[in-house]
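Working notes, structure below.
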Amino acid sequence: MISNIHFCARLDAETRLRHADPRKVAVVSITDPGQLTPLHNWTGNIFRVVFLDVVPNSDPVKPMPPHALTAETADLLVQYLEYLDRNQTVFELVVHCEFGASRSAAVALYAEALTGAELHRRYLAFGGNRHVLDVLQQVRPVHPPVSLPEAHTYD
837 MISNIHFCAR
847 LDAETRLRHA
857 DPRKVAVVSI
867 TDPGQLTPLH
877 NWTGNIFRVV
887 FLDVVPNSDP
897 VKPMPPHALT
907 AETADLLVQY
917 LEYLDRNQTV
927 FELVVHCEFG
937 ASRSAAVALY
947 AEALTGAELH
957 RRYLAFGGNR
967 HVLDVLQQVR
977 PVHPPVSLPE
987 AHTYD
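In terms of my numbering, the sequence shown opens at residue 837 and continues consecutively.
And the structure:
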């Protein structure tokens, strides 16, 4: 089962996982097409997914931008999250993308809604990629639907 969720940048994930127990930490590694595979020494559970941080045009006549998250890829990702959550082993889930702000935040928000696990630093997920959330929810709806947290400003 997934006990808690962290989203972060690639470099932060590499640092965090350097001393982590691979039997207790699972990873969703989101990279750009053509990017070198990070965490190549990680021996624990890992789901590698490749898609760009794009928001497709809302015009149904225009084609989907290349390398956007597809329903097929989202379905595999959801299956991985459900597998981890059904498992008897308790996992911490680390979701990373290059900068740790948009794609990873969206996947982490969805994983929180799907599993009920605690999302650390949820308030920082306000920049989550809306398209990623929408595709994940189209594949496997969660109730209530995931919404992005409000951005906080400090005066």
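In this text, a Cβ means the ideal position worked out from N, Cα and C, and glycines have one as well.
In the DSSP secondary-structure assignment, F883 is bridged to V864.
Here the C-alpha atom of V914 lies approximately 7 angstroms from the C-alpha atom of L972.
Take T951, set aside five residues on each side of it, and the residues of its chain with a beta-carbon closer than 6 angstroms to its own are I838, D921, in chain order.
A distance below 8 angstroms separates the beta carbons of A961 and P985.
Rounded to the nearest whole angstrom, the CA to CA distance from A941 to P981 is 15 angstroms.
The beta carbon of C933 is closer than 6 angstroms to those of I866, R939, S940 in its chain, skipping five residues each way along the sequence.
The continuous beta strand (DSSP E) containing E928 extends over residues 927-933.
Residue pairing from DSSP places E954 in a beta bridge opposite N840. Around the beta carbon of A907, fewer than 16 other beta carbons lie within 10 angstroms, which makes this residue exposed.
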